[in-house]
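> Residue numbers for the sequence shown follow UniProt numbering, so the first one is 1 and each next one is one higher.
Got a structure here, written out as structure tokens. Questions coming.
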Amino acid sequence: MAQFPATPAAAAATGHRASPSPSPRSSTSLPRRTTVLTSIGAAAGSPSWRGAVAVTRIASGSDKAGESNTVDAMTLPNYILPGTKDHLCNAAVARTIINPNDVPVLSFSEVAERLETFQASGTRNQNYMAMYSSIFGGITTDPSAMVIPIDDHMVHRGHGVFDTAAIMDGCELQSLKANTKTTFLFLFGYISLELDTNIVLFSKLTFTRSHLYELEQHLDRFLRSALMAKIPLPFDRSTIRSILIQTVSASTCTQGSLRYWLSVGPGDFQLSSSGCTNPALYAVVIESPFLQVPAGCKVVTSSIPIKSPQFAVMKSVNYLPNALTKVEGEENGAFTGIWLDDEGFVAEGSNMNVAFVTAGKELLLPSFDKILSGCTAKRVLTLAEQLVADGRLSRIISRNVGVHEGKAADEMMLIGSGILVKPVVQWDDQIIGSGQEGPIAQALYDLILEDMRSGPPSVRIRVSY
1 MAQFPATPAA
11 AAATGHRASP
21 SPSPRSSTSL
31 PRRTTVLTSI
41 GAAAGSPSWR
51 GAVAVTRIAS
61 GSDKAGESNT
71 VDAMTLPNYI
81 LPGTKDHLCN
91 AAVARTIINP
101 NDVPVLSFSE
111 VAERLETFQA
121 SGTRNQNYMA
131 MYSSIFGGIT
141 TDPSAMVIPI
151 DDHMVHRGHG
161 VFDTAAIMDG
171 CELQSLKANT
181 KTTFLFLFGY
191 ISLELDTNIV
201 LFSKLTFTRS
211 HLYELEQHLD
221 RFLRSALMAK
231 IPLPFDRSTI
241 RSILIQTVSA
251 STCTQGSLRY
261 WLSVGPGDFQ
271 LSSSGCTNPA
281 LYAVVIESPF
291 LQVPAGCKVV
301 TSSIPIKSPQ
311 FAVMKSVNYL
321 PNALTKVEGE
331 ENGAFTGIWL
341 DDEGFVAEGS
351 NMNVAFVTAG
361 KELLLPSFDK
371 ILSGCTAKRV
381 LTLAEQLVAD
391 GRLSRIISRN
401 VGVHEGKAAD
411 EMMLIGSGIL
421 VKPVVQWDDQ
431 IIGSGQEGPI
441 AQALYDLILE
451 DMRSGPPSVR
461 IRVSY
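In structure tokens, the structure reads:
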């Protein structure tokens, strides 16, 4: 019978597929052990477990046919195998399972009970108020039941799209009378008045129930993304819209966000979606009772490759590059990373748009040709016309922006539905402007927040509870 090479290096270099010999039957007085080996990075083109088997036998002294190759992890030294680039690899990294019956087989009711226990453990740091699923055809307000099938292709193939909408309480001011020009800013449920005199009369201030902000605009993008991703709709647009509003209503959430997904659905674990006969719609309401006052942040240029334009303009669930860009920023003491496009121009943040204020008081945004068209950013562009009208901005423009131009700007900011408008005071080692939050970023934040609370019906849909 063929023998394994005498050294780990020879084991990794062999061209033969090695199968471990079966272990002898365990003694009735001892628990049965099964060693689970993980990939330890064998040379390219060879089975990754080949070297592991050889190292296990060598380390345990079981190089003869018929002897057990089971060994405790703590008894094995570290080895360097060809192709591992000097990474130390322990041949028994994985644990030894002492009892093969340690993992229980649970009934549906037992699974439900454990999900409830998990929910009660406080592991989650957000409040999930309601979920709709077309799989069970209704809404649940029990976070323990907010699950989706593991064979949904959105889970294991990333074949899904999503979008969002903000939930915001509002206020209305009626019968306002003042003998002078008055500016009102509605902020976090309070009234800030900027007056030329101290005389203001109003008959009624009404705090209304919540609204969905820019649902129509986000829903349009949602359906465009589904079309690009070749996901058939489970319902028509009006039905999807109604489901989303009803989900928010059932949640009783007055401030937070609505997130919703379209998937080709469950069916199998294949790559093709041909086995998925029922596309799925999911929606979740997340409570966020407080909005943070925008504070200046640092950003860094991301080393993570940006998505190609075909996928960047689609809001798919494939957010691994986005997540890694965010993590990279945080690892470097920054809020997020900034992507550059294939020509070296400023593109976007991890999940937000970027804007600048030039020395000539231009509001400058990178073109949307190769990046996601942010609904909040587009609304900010509309609201910014007010700053052009009062002279605080000279004009609004969207075009390619070079890195040097961006870093030389008077102001830089991030714009997105989760942050609204967030000033940037440092990019890499470059201080932006004065190094403080700029007046235009603050003004745009105030405008978008006021629009969320008391904007026109075109951007606000009232929710009945």
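All residues carry an ideal CB built from backbone N, CA and C; glycine is no exception.
Considering only the alpha carbon of each residue, which of 309, 324, 283 and 293 lies closest to residue 301?
With distances taken between Cα atoms, residue 301 lies closest to 324.
> Compare the C-alpha of residue 310 against each of 150, 151 and 228 and name the closest.
Residue 228 is the option with its Cα nearest to residue 310.
> Looking at C-alpha atoms only, which residue of 297, 342, 362 and 307 is the closest neighbour of residue 421?
Checking every option, the nearest Cα to that of residue 421 belongs to 297.
> According to DSSP, is residue 314 part of a helix, a strand, or is it coil?
Residue 314: coil per DSSP, three-state reduction.
> Does residue 289 pass the burial test, meaning 16 or more other C-beta atoms within 10 Å, or should it be called exposed?
Classification for residue 289: exposed.
> I'd like to know whether the C-beta atoms of residue 366 and residue 354 end up nearer to each other than 8 angstroms.
Yes, these two residues count as a Cβ contact at 8 angstroms.
> Below 8 angstroms between beta carbons: does that hold for residue 316 and residue 221?
Contact: no.
> Does DSSP put residue 253 in a helix, a strand or coil?
The answer is coil: DSSP assigns residue 253 none of H, G, I, E or B.
> Rounded to a whole number of angstroms, what is the C-alpha to C-alpha distance between residue 257 and residue 164?
Computed Cα separation, rounded: 7 angstroms.
> Since residue 224 is in the alpha helix (DSSP H), which residue starts that stretch and which ends it?
215 to 228 is the extent of the alpha helix (DSSP H) around residue 224.
> Ends of the beta strand (DSSP E) at residue 140?
Residue 140 -> beta strand (DSSP E) spans 138 to 140.
> Determine, using beta carbons only, whether residue 161 and residue 225 come nearer to each other than 8 angstroms.
Yes.
> In chain order, what residues of the same chain have a beta carbon less than 8 angstroms from the beta carbon of residue 409, not counting five sequence neighbours either side?
Within the same chain, residue 409 has close Cβ partners 356, 357, 358, 359, 364, 432 and 433.
> Which whole runs of the alpha helix (DSSP H) in the stretch 95 to 133 are 4 residues long or more, in chain order?
If we require 4 residues or more, the alpha helix (DSSP H) runs fully inside the stretch 95 to 133 come out as 108 to 120.
> According to DSSP, simplified to helix, strand and coil, what is residue 329?
Helix at residue 329.
> Ignore the nearest five residues each way along the sequence and tell me which others in residue 457's own chain have a CB closer than 6 angstroms to its CB.
Within the same chain, residue 457 has no close Cβ partners at all.
> So is the beta-carbon of residue 336 under 7 angstroms away from any non-hydrogen atom of the ligand PLP?
Among the components of this structure there are no ligands whatsoever, and the ligand PLP is therefore not found.
> State the beta-bridge partners of residue 356 as determined by DSSP.
Looking at the DSSP assignment, residue 356 forms a beta bridge with 364 and 412.
> Check whether the stretch 378 to 392 touches the stretch 325 to 332, taking contact to mean three or more Cβ pairs, one atom from each stretch, closer than 8 angstroms.
Segments in contact, no.
> Using a 10 Å radius around the Cβ and a threshold of 16 neighbouring Cβ atoms, would you call residue 426 buried or exposed?
It is buried - the Cβ of residue 426 has at least 16 other Cβ atoms within 10 Å.
> So for residue 243, helix, strand or coil by DSSP?
Three-state DSSP puts residue 243 in a helix.
> Between which residues of its own chain and residue 156 is the CB-CB distance below 8 angstroms, once the five residues before and five after are set aside?
Here the set comprises 150 and 269.
> Could you pull out every residue in the same chain whose Cβ sits closer than 7 angstroms to the Cβ of residue 341, ignoring the five residues on either side in sequence?
Closer than 7 angstroms at Cβ, skipping near neighbours: 306, 347 and 370.
> Contact defined as beta carbons within less than 8 angstroms: I believe residue 278 pairs with residue 321. What is the distance between those atoms, to the nearest angstrom?
Their Cβ separation, rounded to whole angstroms, is 29 angstroms, which puts residue 278 and residue 321 out of contact at 8 angstroms.
> Considering just the uninterrupted stretch of the beta strand (DSSP E) at residue 336, what are its terminal residues?
Element bounds for residue 336: 336 to 340.
> Beta strand (DSSP E) containing residue 286: first to last residue?
Run containing residue 286: 280 to 287, per the beta strand (DSSP E) assignment.
> Looking only at its chain, what residues have a beta carbon closer than 8 angstroms to the beta carbon of residue 245, apart from the 5 residues adjacent to it on each side?
Hits under 8 angstroms: 212, 215, 461 and 463.
> What are the start and end residues of the beta strand (DSSP E) that includes residue 398?
Taken as a continuous stretch (DSSP letters only), the beta strand (DSSP E) holding residue 398 covers 395 to 398.
> Within the same chain, show all residues whose beta-carbon is closer than 8 angstroms to that of residue 294, passing over the 5 residues directly before and after it, in chain order.
Here the set comprises 419, 420, 421, 422, 423, 437, 441, 442 and 445.
> If we ignore side chains and look at the alpha-carbon of each, how far apart do residue 454 and residue 170 end up?
Spanning the two alpha carbons is a distance of roughly 6 angstroms.
> Hey, could you find the ends of the alpha helix (DSSP H) residue 277 is sitting in?
Taken as a continuous stretch (DSSP letters only), residue 277 belongs to no alpha helix (DSSP H), as it is neither H nor E.
> Which residues share a DSSP beta bridge with residue 263?
The partner list for residue 263 (beta bridge, DSSP) reads 160 and 280.
> Starting from residue 424, follow the beta strand (DSSP E) in both directions and report where the run begins and ends.
First-last of the beta strand (DSSP E) with residue 424: 420 to 427.
> What three-state label does DSSP hand residue 296 in the structure shown?
Reduced to three states, the DSSP call for residue 296 is coil.
> Counting along the chain, where does the beta strand (DSSP E) carrying residue 349 start and finish?
From DSSP, the beta strand (DSSP E) with residue 349 extends over 346 to 349.
> I think residue 465 touches residue 286, with their Cβ atoms under 8 angstroms apart; what is that distance to the nearest whole Å?
With a Cβ gap of about 17 angstroms, residue 465 and residue 286 do not count as contacting.
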